[in-house]
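Here it is as structure tokens:
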């Protein structure tokens, strides 16, 4: 790792360590992965905080992600500009949330955000319909999707307002066994 | 196959033959004098007869054990069976002077083991299994190797140390051989004990998975050592060790491959059984058994083969075979497995009595017990420590304790030790005795204590929480999210491969192995939704339908898919203990003309029975009797009504066609209503329900249903068949020839035009009724046939609460409206809306457009009005409400409410 020092200043590394759940080594590994995504855009010298963004098109064009129904949503949720263009910080954040060290509440919060397509802080029926449609890849009729969503909301809607608040969501998901315990990735 | 298997089965059991005076078998042994013929017959049937008797004894023993809940809650069944076996063995020994009916390795491996393994493989929670595959494989392979080497070596050590009697003549190889057979955790024993303990799923799947997969290791070690021993340790070349290692891979991978090949064949075969449903269950068993035998023949791991066959084929087979076949497979498999397990434990007990095979050596026995416990615990701790470096959910200390303690040995070890060749393994008798002690100790002592231990350690139990739609949804979502994140980071982990596999499965395997119809219908989320609905419906029925809160009830609805449900409704009903499904005819009506005739007769009868009651009701309604009192009286009647409604739900399928006709009918109905009943006390002019209108509506609906039914009959694939009763025909023969076996109507549209008239007659007709009732306007619901009765009851109770049917019936003649106002108020405000005759009523419902068409059908039907009147009430609760608010019954209102919620 001869170029370790040339990528980040020690202060940067410390800052990243403070903000994420990663060690220096992991941060560097993730950085190289990030750099891999768009080698021509991302400089190898990050000491000046260039703030480069990897456009969403780069991420979505990865062959592995071609069939993933949530690729767009994930990129949107974790990118600061909300359009799926990711900076290094966003990138690190994303994995930080997925790490084992991240508290359950944080995971639940981000999971909630992924569902909340219209960003109104509630999972409303229209959000759920989008989710279900994505999950089933359009194999259900709109009517069926509606039924499923209705049922989902009925199950978890504690306050009976016809939509799921973050509290509803956490309440449901934190009590479900193994939900969040499996919601992470080892890197 | 049968003739071949029976003698085989009988051989080990029959042994001494006629001389044996075992209690049950003895009866058929007749005195020889003058009865040669009979005597000859006994020899003919001896083998199968003994097999049957033993199974019977085992089954009866089970029944006896379960007479007392206290005993079975403390003592595992396997312990009881072994003890029973000991007693029976003692009796046999005392009577026959020699041990009989022992557990023969041949019988065990060829007949008793396969059903148990198939059962566990087929019903293995595959997701859980593959999620923990790494851990399972580690414990199964590394753990078993570790156990056998260390146990064998340690035993050899204590022999060298002089702690064993000199009569135990065994070298290192012999002890390693013994270690290999004694170290394997036994699937049968583990299953028997752990199923009663209910530890959490992860723990269970790890211990159980290990016990299944370690078979390959055990078989290899056993065979390798055995051949080494037979060759003599001097002659073993280095190449033989290499071969031994290689054979581990050959045996395990080969066994798994054989299993997967047969799983593929099985899935492919069931894809084409559409016209011969009856052999579907047989195919499952035959091919799985063929997999077992093939692997055994090639000396591969047969257990692994049959496990993989079960795991691999389930998804496709379940999708392909019919709903009834699924039930058959499930029950047959469970029956066979439980039967085999029972017999195994009992025979184990019996075999232990035979002291001629024994040679006791305290040092060996105690040493073995000590070492298997010690090394099992050591192995588990070491492996878990390594595994926890990689596992997402680490196994904690308590889990490790249970895993160590749950390493039960069983019949596999016993059968293997019996198979040893005494001339090559001089210490065989000692090994047999030790094995018996070990098996008994683990099954009885550990089996008895593991439950208290689990309680004491507060091991996370499996919580049988209901699966929720949320869970299913989030699981899928999280899978995708995790896979996406792994992709982005370029880390090919578990999620990545699972995602790949799922895509491959979806694109190729499922297309190839599933029927097109099944493939299309298979959507897991929808499946879960459907199952949940069925369950809700059942629980609703179980509650006697007294709970009116709409929240508790969501009607199962399947607008476009008939067969989505995987679960067998019958099972659900049975398991939930619902008494609702008493009407067998409903289940079986399906397609034959004979069935239909039966149904008609049935309905005629029930119709006749109810008639007196109807009148009674009518009078009640006239007098505005309090609803509650009437409700109770009319419960039965309402049940029938509900039936009809349920059926009409089924017709939701045909939404489009029906809607048109219904719309027309509705319009007509409205007009009529408005003009006809203006005198209603409430002052609601439109309320009056006209018999003619209703009749017309009914006709239209039914005709469509017929067509639908014919279509549906052609489709055999549906897991759940919705049956509309043929009974309608009886009443209106000329009008509607036959109700389809399946009728799915768009809930909104199936509207019987005239509620009041219909209501009167509903009670009777409901029994016959094909007409559906609408619970929810927007959502179309299909109720599986099995559940119809349940529904009927629940709905009827609902209705009764809202408004007594009798009253309504009476209304038909007099003024239905009178009753309506009070009920309506109570039930819900929306009644006001209903009062206004015209279009408004539809607001709540989606059907509005259909009204226009109602007119036509109505005119047609007018002639038949009287007959149809009876039918009408059943059919269209909602519509009625819409059409003529005044007439709308409380029932309808209730239903509307529900619909509104939905």
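Chains as they are written, first to last, in the UniProt record's numbering: chain P, 1 to 187; chain Z, 1 to 902. Cβ atoms here follow ideal geometry from the backbone N, Cα and C, with glycine treated the same way. Note that the structure is a prediction, hence the values are computed from the model and not measured.
Nearest-angstrom Cα separation, counted from residue j out to residue i
{"i": "residue 376 of chain Z", "j": "residue 407 of chain Z", "result": "7 angstroms"}
{"i": "residue 173 of chain P", "j": "residue 108 of chain P", "result": "7 angstroms"}
{"i": "residue 202 of chain Z", "j": "residue 299 of chain Z", "result": "31 angstroms"}
{"i": "residue 21 of chain P", "j": "residue 91 of chain P", "result": "13 angstroms"}
{"i": "residue 65 of chain Z", "j": "residue 77 of chain Z", "result": "8 angstroms"}
{"i": "residue 161 of chain Z", "j": "residue 153 of chain Z", "result": "12 angstroms"}
{"i": "residue 966 of chain Z", "j": "residue 17 of chain P", "result": "Since the displayed chain Z opens at 1 and closes at 902, residue 966 of chain Z lies outside it and no answer follows."}
{"i": "residue 122 of chain Z", "j": "residue 502 of chain Z", "result": "19 angstroms"}
{"i": "residue 175 of chain Z", "j": "residue 272 of chain Z", "result": "52 angstroms"}
{"i": "residue 400 of chain Z", "j": "residue 120 of chain Z", "result": "23 angstroms"}
{"i": "residue 57 of chain Z", "j": "residue 104 of chain Z", "result": "18 angstroms"}
{"i": "residue 496 of chain Z", "j": "residue 483 of chain Z", "result": "5 angstroms"}
{"i": "residue 330 of chain Z", "j": "residue 336 of chain Z", "result": "10 angstroms"}
{"i": "residue 55 of chain Z", "j": "residue 83 of chain Z", "result": "16 angstroms"}
{"i": "residue 60 of chain P", "j": "residue 200 of chain Z", "result": "39 angstroms"}
{"i": "residue 402 of chain Z", "j": "residue 450 of chain Z", "result": "8 angstroms"}
{"i": "residue 158 of chain P", "j": "residue 455 of chain Z", "result": "33 angstroms"}
{"i": "residue 488 of chain Z", "j": "residue 243 of chain Z", "result": "43 angstroms"}
{"i": "residue 66 of chain P", "j": "residue 287 of chain Z", "result": "38 angstroms"}
{"i": "residue 55 of chain P", "j": "residue 46 of chain P", "result": "18 angstroms"}
Cβ neighbour criterion (16 or more within 10 Å) applied to residue i
{"i": "residue 88 of chain Z", "result": "buried"}
{"i": "residue 107 of chain Z", "result": "buried"}
{"i": "residue 190 of chain Z", "result": "buried"}
{"i": "residue 218 of chain Z", "result": "buried"}
{"i": "residue 567 of chain Z", "result": "Low confidence applies here, because residue 567 of chain Z scores a pLDDT of 38, under 50, leaving its location unreliable and the question unanswered by this model."}
{"i": "residue 512 of chain Z", "result": "exposed"}
{"i": "residue 151 of chain P", "result": "buried"}
{"i": "residue 76 of chain P", "result": "buried"}
{"i": "residue 458 of chain Z", "result": "exposed"}
{"i": "residue 385 of chain Z", "result": "exposed"}
{"i": "residue 421 of chain Z", "result": "exposed"}
{"i": "residue 127 of chain Z", "result": "exposed"}
{"i": "residue 476 of chain Z", "result": "buried"}
{"i": "residue 906 of chain Z", "result": "Coverage of chain Z is limited to positions 1 through 902, which leaves residue 906 of chain Z absent and any answer about it impossible."}
Nearest-angstrom beta carbon gap, residue j and residue i [assumed within contact, 8 angstroms]
{"i": "residue 38 of chain P", "j": "residue 58 of chain P", "result": "5 angstroms"}
{"i": "residue 92 of chain Z", "j": "residue 350 of chain Z", "result": "7 angstroms"}
{"i": "residue 168 of chain Z", "j": "residue 361 of chain Z", "result": "5 angstroms"}
{"i": "residue 263 of chain Z", "j": "residue 313 of chain Z", "result": "4 angstroms"}
{"i": "residue 78 of chain P", "j": "residue 169 of chain P", "result": "Incorrect: roughly 18 angstroms between the Cβ atoms, too far for contact."}
{"i": "residue 61 of chain Z", "j": "residue 81 of chain Z", "result": "7 angstroms"}
{"i": "residue 395 of chain Z", "j": "residue 387 of chain Z", "result": "7 angstroms"}
{"i": "residue 163 of chain Z", "j": "residue 363 of chain Z", "result": "4 angstroms"}
{"i": "residue 85 of chain Z", "j": "residue 509 of chain Z", "result": "45 angstroms between Cβ atoms; not a contact."}
{"i": "residue 359 of chain Z", "j": "residue 430 of chain Z", "result": "5 angstroms"}
{"i": "residue 105 of chain P", "j": "residue 118 of chain P", "result": "Rounded, the Cβ-Cβ distance is 23 angstroms, inconsistent with contact."}
{"i": "residue 183 of chain Z", "j": "residue 226 of chain Z", "result": "Between residue 226 of chain Z and residue 183 of chain Z the Cβ distance is about 15 angstroms, and since that is not below 8 angstroms, they are no contact."}
{"i": "residue 498 of chain Z", "j": "residue 479 of chain Z", "result": "7 angstroms"}
{"i": "residue 325 of chain Z", "j": "residue 275 of chain Z", "result": "About 13 angstroms separates the two Cβ atoms, so there is no contact after all."}
{"i": "residue 86 of chain P", "j": "residue 53 of chain P", "result": "6 angstroms"}
Residues sharing a beta bridge with residue i, DSSP
{"i": "residue 122 of chain P", "result": "P:165"}
{"i": "residue 86 of chain P", "result": "P:54"}
Min CB distance residue i to chain A below 8 angstroms
{"i": "residue 27 of chain P", "result": "Protein chains P and Z are contained in the structure displayed, whereas chain A is not."}
Original post:
Quick one, which residues of the region 525-539 of chain Z are near chain P if we go by CB-CB under 7 angstroms, in chain order?
Top reply: 525, 526, 529, 532
Subject >> Within 7 angstroms of chain P by C-beta, residues of the region 474-490 of chain Z in sequence order >> reply: 474, 476, 477, 478, 480, 481, 482, 483, 484, 485, 486, 487, 488, 489, 490
Subject >> Residues, ordered as in the chain, of the region 122-149 of chain P that lie near chain Z by beta-carbon distance below 7 angstroms >> reply: 131, 132, 135, 136, 139, 140, 141, 143, 144, 147, 148
**OP:** Give, in chain order, every residue of the region 104-121 of chain P whose Cβ lies closer than 8 angstroms to some Cβ of chain Z.
**Re:** 111, 114, 115
**OP:** Mind checking the region 46-74 of chain P against chain Z and listing, in chain order, the residues whose C-beta falls within less than 7 angstroms of any C-beta there?
**Re:** 59, 62, 64, 65, 67, 68, 69, 70, 71, 74
**OP:** Check each residue of the region 444-459 of chain Z: if its Cβ is closer than 9 angstroms to any Cβ of chain P, include it; give the result in chain order.
**Re:** none
Subject >> Members of the region 503-516 of chain Z near chain P, C-beta cut-off 8 angstroms >> reply: 503
Original post:
Residues in the region 147-166 of chain P with C-beta within 8 angstroms of chain Z's C-beta atoms, listed in sequence order?
Top reply: 147, 148, 150, 151, 152, 154, 155, 156
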